[in-house]
Every structure is written in C-alpha cells, then in structure tokens.
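S.K.: Quick one: the structure is below, and I'll ask about it shortly.
2 protein chains.
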Amino acid sequence: MATPDTRTQILDAAERLFAEHGYRGTSVRAITTLAGANLAAVGYHFGSKAELMAAVARRVVEPLNAAQCARLDEALARTPDPLVSDLVEAFVGPLFDEMRAGEEGGARTSRLIVMILSDPAEEVRGWTGPREDAVGERYLAAFARALPGLSPEELRFRMRGILAVTAVDRLGTHQRPVPGCTPPVGGEAARQWAITFLTAAMSAPPTRT
Amino acid sequence: MATPDTRTQILDAAERLFAEHGYRGTSVRAITTLAGANLAAVGYHFGSKAELMAAVARRVVEPLNAAQCARLDEALARTPDPLVSDLVEAFVGPLFDEMRAGEEGGARTSRLIVMILSDPAEEVRGWTGPREDAVGERYLAAFARALPGLSPEELRFRMRGILAVTAVDRLGTHQRPVPGCTPPVGGEAARQWAITFLTAAMSAPPTRT
DNA sequence: GATTTATTCATACGTTCGTTTCATTCAAGC
DNA sequence: GCTTGAATGAAACGAACGTATGAATAAATC
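Chains V and F are the protein sequences, given in the same order. Taking our numbering, the leading residue of the first sequence gets 1, the next gets one more, and so forth. Taking our numbering, the leading residue of the second sequence gets 1, the next gets one more, and so forth.
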C-alpha cells in the first residue's frame, strides 16, 4: 500500500474532522496533525482553510451527484415515466451506497453531508457549482411527471423532505444513544426502510387547499 | 413596554445569534453587544457560554415539548387509539405554531432547533433533561399501537423521519434560494403539506424483509 | 555536480476568543 | 447616613486560531 501524498492525507483528515466537529470546530492544526503533515501544508496545497473545505466538499459530493444522475438516466432509459418508487430509489440509493463502502467511512460521509447542508458558516456552502442544482431539477421534473396534480410548491416541499430523511437518518452519532435500540442501523435495512417511507410520502395525494 | 432585564436581553440576543451563526460561530462579545450589555454579564448571569447555550435551549424546547405532550393527551382523551394522522398532527403541530408566532421569530426558532439537533459541539447537546426523551417515548408507544406489525426498529426509523422533515423544512434560510419558487413557504400551507407527507409516510405498510 | 523547482519545516505575527479580576454604581434595609 | 448586596462596567489574561515567512530539504533537469 503506497503512502498517499500529503495533499490526499490532508483531504482525508479534514473530511473526517469536519464531519465529526464541524467547520468551525476543526482547527487547521488538528487537521495537519492527524494527517502527519506540517501546519503550513494547508496553506501551500489549498490556500486557506475555506478552500480546503471546498475541496473536501467537492470530493464527497461530486461522485454522489454523478451516481444520482446515472441512476436517473437508467430509469428513464427503461421507461419515459418511471414509478415514484424507482425515482426515490434512484435518488437515495447512491447515498446508501456510499455508506456501505468502508463500513465506518460511510457514516462519516453522510455526517459530512449533513454538516455541509446545515452548517451556518458561509465558507461551508460557498463551494458549490451549477452541477448540484441541475441534478435536483432533473429529479424535480421526473417527479412532476409521475405525480400530476401536485403543485410545484408542494412538490418542492416533498423533495426537501427526501433530502431531510436520507440525510438525518445517519445523523444518529450526534444524537444521544437510544436505550434499548441499536442506533447504528444496518445499512441495507435502513435503505429499504427509507425507500418505503419516502415512496409512500411522495405518493400521497395532493393536499386539498 | 417595560425594558426587560439584562438576563432576558442576553437570552434573546443569544437565541438569535446562535440560530443564525451556530454555537461556535457566535462570540460572547457579539451577544453582549447585541443585548446592549457588558461583556462580563454572560459570566455573571450564566457562568459560561456553554451554560448560556443550555439556558437558551431550555427556554426554546421546554414549551415545545409541553405542547406536544398536551396535544397527545387531548388525542388520547378522545380515543385510546388515535389515527396516525392525529398523532402526526399532535407531534408536528406545536413546531408550526411556534413558527407563526412572531412572523420572523418563528423561522428563527426552528433554525435554532435544527442547530441544536445538528451542531457537533457537545456543549449544544449537553443541556437536555429526561423530559425530552419521555415525550418521544410516549409518541413511540402511541404510534406502535396505531401501526401494528411494524418492527420497533423500523418505527424508530420513521419517527426520526418525522423529526427530520419538520426540522429541515424550515432550514431554507441556510440553503441557496431556489430560483423561481418562493422559498419562505407560507406557514399554514407548509403545516398541511407536512401532515400529508408524514401521515402517508408513517402509514406505509411495513417493509418486507 | 550545479541549478532549479517543488515541498516541507520551524517559527512567528496579529487577531479573536472565553474567562477573570476588581473597581464602581445603585437600590434597598436598618 | 451607613452598610450590605446585587449588578454593571472597564480592562486585562492566557490560550487558540488562521495565516504568512523564510530557511531547509528533496527531487528532477541539465
């Protein structure tokens, strides 16, 4: 196993510490110490702590979005009007795939995503490109076809619900451990539960006004 | 309008700033400046920044839990086996009530709750008492009666989903504004959407294993 | 082997942080 | 009027932070 270069080791350490302690709760010193690198290495390889955060976020989110896009393409190749359950599975599937990989790196990855979505520090959300929006819009259009009669506003509300459930699902490590229940839910069971839960939620008839 | 005492003004300022910038992103100096108080007032009235955070969290969460408890009591007084939709409404209702009150203080309150649930700083979650767990357990038991055949693990998964959807719903301010859609969804509409969404999700048949 | 280029290193700078100290103010209680 | 206690004020403390600097080192090019 070849030792990865300093830049990669810093990215790995930063990904882990950002996920565990948040952006502001992680110091550059802690990152470089964990990475076995010098303090100045962050400035040299990334420019600043904020740009390091952006690099970490990109490395995590980009393959995820690509997978979501690919699965949507597959579903649309099968039929122009996929079922709601197929769309849900295509959307949340990659998030759970990422979780299985690495046994512990998965939960870390999803905690990092939650952190990216919820951290109030503007440095955390200032990294994104137009790609991420495009994926969401594609799914929005697909769901709109599968759920006629749903107003655009309510559809958008429901899609935010998908993100909330899949993200917060794995937030558990932050939470207090639930007594008498295994908190680190098995990956495959949670995936199926999420699909059941979200398919039923998305398929609900429009709220009468 | 009588001027509130320093302690209350500090609580108000801290609640607002913690909600906007998180625990670590808010300095004691910023709080006391906004409150029009002296820097040392936090140490005098609360002991430390962490204990101030605890006081803020208590002041926000306790009436919310009390309202959730009261609504569950009402539902159980009507019938020993309430509908899933009634349980959902009793659980998420108080969160949306809090939102309407104050027009702008409501969104702030829910952002603070998201912050409490997702902030990695242990000072933020070290305040809680046994009360909050008790409310969750009561709802868990009520949902278990209304949804026979659902395994305890999947039920717990779904209840976490409720919390995720209601909380993240109002996270929008952190997010990038969605072009072509009004991001600050009207309070009453969102409440009904959430009930529709979550009732359907909770009522889904158990995932076959 | 000398020169150049890319990293790594130790160290320091200036700022901001939470907290503490101690003097001061001010309203009651006697 | 004097004392007591709570509350506020101005100032400082040490620690930790992100960043910048310039020397040292390793690797590649000629």
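Just so you know, even glycine gets a beta-carbon here, dropped at the ideal spot from N, CA and C.
For A204(V) and P152(V), what's the separation of their Cα atoms in angstroms?
M.R.: 15 Å
S.K.: Helix, strand or coil for D86(F)? Go by DSSP, reduced to three states.
M.R.: If DSSP states are grouped into helix, strand and coil, D86(F) belongs with the helices.
S.K.: Under 8 Å between C-beta atoms, does P93(F) make it to chain V?
M.R.: A quick correction: the sequence has Gly, not Pro, at residue 93(F). It does not: the Cβ of G93(F) has no partner Cβ on chain V nearer than 8 Å.
S.K.: Taking 8 Å as the threshold (beta carbon to beta carbon), is E15(V) in contact with chain F?
M.R.: no
S.K.: Could you check whether A41(F) and T8(F) sit closer than 8 Å to each other, using their CB atoms as the reference points?
M.R.: no
S.K.: Measure the alpha-carbon distance for R160(V) versus F197(F) and round it to whole angstroms.
M.R.: Rounded to the nearest angstrom, the gap between the Cα atoms of R160(V) and F197(F) is 11 Å.
S.K.: With DSSP run on the structure shown, which of helix, strand or coil describes W127(F)?
M.R.: coil
S.K.: For the segment 103 to 127 of chain F, which residues have a beta carbon sitting closer than 8 Å to at least one beta carbon of chain V?
M.R.: So the list reads V114, M115, L117, S118, D119, P120, A121, R125, given in the order they occur along the chain.
S.K.: Quick one, which residues of the segment 143 to 170 of chain V are near chain F if we go by CB-CB under 8 Å, in chain order?
M.R.: P152, E153, E154, R156, F157, R158, R160, G161, L163, A164, V165, A167, V168, D169
S.K.: Once you ignore the five residues that flank S85(F) on each side, which residues in its own chain have a CB closer than 6 Å to its CB?
M.R.: T199
S.K.: How about G25(V): is its C-beta nearer than 8 Å to some C-beta of chain F?
M.R.: yes
S.K.: How is R24(V) classed by DSSP in three states: helix, strand or coil?
M.R.: coil
S.K.: Pop quiz: V165(F) and C69(F) are said to be a contact at Cβ under 8 Å. What is the actual Cβ separation, rounded to whole angstroms?
M.R.: Taking the Cβ atoms as the reference, V165(F) lies roughly 21 Å from C69(F), outside the contact range of under 8 Å.
S.K.: Can you tell me whether DSSP reads T6(V) as helix, strand or coil?
M.R.: helix
S.K.: Quick one: does Q192(F) have its CB under 8 Å from some CB of chain V?
M.R.: yes
S.K.: Measuring straight from C-alpha to C-alpha, what distance separates A75(F) and R208(V)?
M.R.: 23 Å
S.K.: Give me the Cβ distance between L155(V) and L147(V), rounded to the nearest whole Å; I'm assuming they're in contact under 8 Å.
M.R.: 7 Å
S.K.: Does E20(F) have its Cβ less than 8 Å from a Cβ in chain V?
M.R.: yes
S.K.: Nearest by alpha-carbon distance to A54(F): which of G149(F), L72(F), R145(F), I116(F) is it?
M.R.: With distances taken between Cα atoms, A54(F) lies closest to I116(F).
S.K.: Check whether chain V comes within 8 Å of L198(F), counting only Cβ atoms and requiring the distance to be less than that.
M.R.: For L198(F), at least one C-beta of chain V is nearer than 8 Å to its own C-beta.
S.K.: Where do the ends of the alpha helix (DSSP H) carrying D81(F) lie?
M.R.: That residue, D81(F), is in no alpha helix (DSSP H); it is neither H nor E in DSSP.
S.K.: Please report whether the beta-carbon of S48(F) lies at a distance below 8 Å from any beta-carbon of chain V.
M.R.: no
S.K.: Leaving out the 5 sequence neighbours to the left and right, which residues in its chain are closer than 8 Å to D12(V) when beta-carbon positions are compared?
M.R.: P4, A35
S.K.: Can you tell me whether A107(V) is buried or exposed? The criterion is at least 16 other CB atoms within 10 Å of its CB, across all chains shown.
M.R.: buried
S.K.: Give the single residue among V168(F), A144(F), A190(F) whose Cα lies nearest to the Cα of D81(F).
M.R.: Ranked by how close their Cα comes to the Cα of D81(F), the residues V168(F), A144(F), A190(F) have A144(F) in first place.
S.K.: Measure the CB-CB distance between N65(V) and E132(V) and report whether it falls below 8 Å.
M.R.: Closer than 8 Å, so yes.
S.K.: Looking at the unbroken alpha helix (DSSP H) that takes in T209(F), where does it start and where does it end?
M.R.: Per DSSP, T209(F) belongs to no alpha helix (DSSP H) and is neither H nor E.
S.K.: With L17(F) and T26(F) assumed to form a contact (beta carbons below 8 Å), what rounded beta-carbon distance in angstroms separates them?
M.R.: 4 Å
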